[in-house]
Amino acid sequence: MKAIHPLLILFVIVFINELQGQNKNNDTIFWDNGNISLLSDLGRIHIVKKKGANITEARIYEIKKEKGVLVYEKDKCLHDISISNIENIQPGYNPLAILLFKEDNTPYIKELYKKTDSYNEPTNFKIAAVKQIITPKARVIPTQQQKSLIDSSSTLQHDVLIDLEGNEWPIKILIVQENILEFKKTSNLDGPIYVKTFTHAEFTKRDNHTIIKIIK
């Protein structure tokens, strides 16, 4: 019996690790308030369609962003639906949050405020234990510029972005994922969403705001 070549074994291990990493990334869904849910933990949901009858008591099986298709399980069978035909996805009849899709078919969960219904118990998506993907590997020691900024802004109600040139921008952080920051300008919270990419950044968390300094 021929021995298995070590390079073949290494290739299989790398392939499995990459596949598991992709599944993990595809399983993560971010909220608009910074929370995180896992696709595998959403449970039974209702799919509200733009056209046609709604789909109730289903379970999301897979989201194929590139093909614009959502695969769901209902009555022990798999079905698919075009993401463009989905109005939203709800965790129940009285949702406290709904799942929506961006233009690139990326799912995100939006929290509903002041939602009340006297006839049905409130329903919500399960929140994962980890609420933030990116955390500093070591304790961040603020520079003198940051210290003065922190000391003079203890009552700030907005986040602060410090760019490579040292400019300070008041922002509202929406999503921090890997090396991407999505935010809105506090001067125009109803305006567009801005995307900032970075290689390294320092995060300083305060009671009511976060300071992000882009290193490179």
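So for the sequence shown, my numbering puts the first residue at 100; every next one is plus one. The beta-carbon is built from N, C-alpha and C at its ideal position, and this holds for glycine as well.
Minimum Cα-Cα distance from H308 among the listed residues F282, E267, V259 and N278 corresponds to V259. The criterion of a C-beta distance shorter than 7 Å is satisfied by I208 and I128. Contact check for P190 and N223: beta-carbon distance about 6 Å, within the 8 Å limit, so the pair qualifies. A Cβ-Cβ separation of about 17 Å leaves I154 out of contact with L138 under the 8 Å criterion. Here Y171 is buried: its Cβ has 16 or more other Cβ atoms, across all protein chains shown, within 10 Å. In the DSSP assignment, no residue is bridged to N278. Look at L138 here: in three-state DSSP terms it is helix. Comparing C-alpha distances from G133 to each of I146, K166, D306 and I274 shows the shortest one belongs to I274. Each residue's CA atom was taken as its position, placing F297 and Y192 some 41 Å apart.
Straight-line measurement puts the Cα of N184 at about 24 Å from the Cα of I292. For T155, the enclosing beta strand (DSSP E) has its first and last residue at I154 to K163.
The C-beta distance from F302 to I314 rounds to 11 Å, too long to fall under 8 Å, and the pair is not in contact. By the beta-carbon neighbour count (other beta carbons within 10 angstroms, threshold 16), L280 is buried.
I135 and A196 do not touch by the CB rule: their CB atoms are close to 13 Å apart, not below 8 Å. In this structure, DSSP gives D131 a state outside helix and strand, which the three-state scheme calls coil.
Taken through DSSP and simplified to helix, strand or coil, T296 comes out as strand. No Cβ-Cβ contact shorter than 7 Å links I180 with N204.
Cβ-Cβ distances below 6 Å link I188 to I144, I146 and L198 in the same chain, with the five nearest sequence neighbours on each side left out; the list follows chain order. Under the DSSP definition of a beta bridge, L195 lacks any partner. Secondary structure note for N266: it is in no beta strand (DSSP E), with a DSSP letter that is neither H nor E.
For K284 and G290, the gap between their C-alpha atoms comes out near 8 Å.
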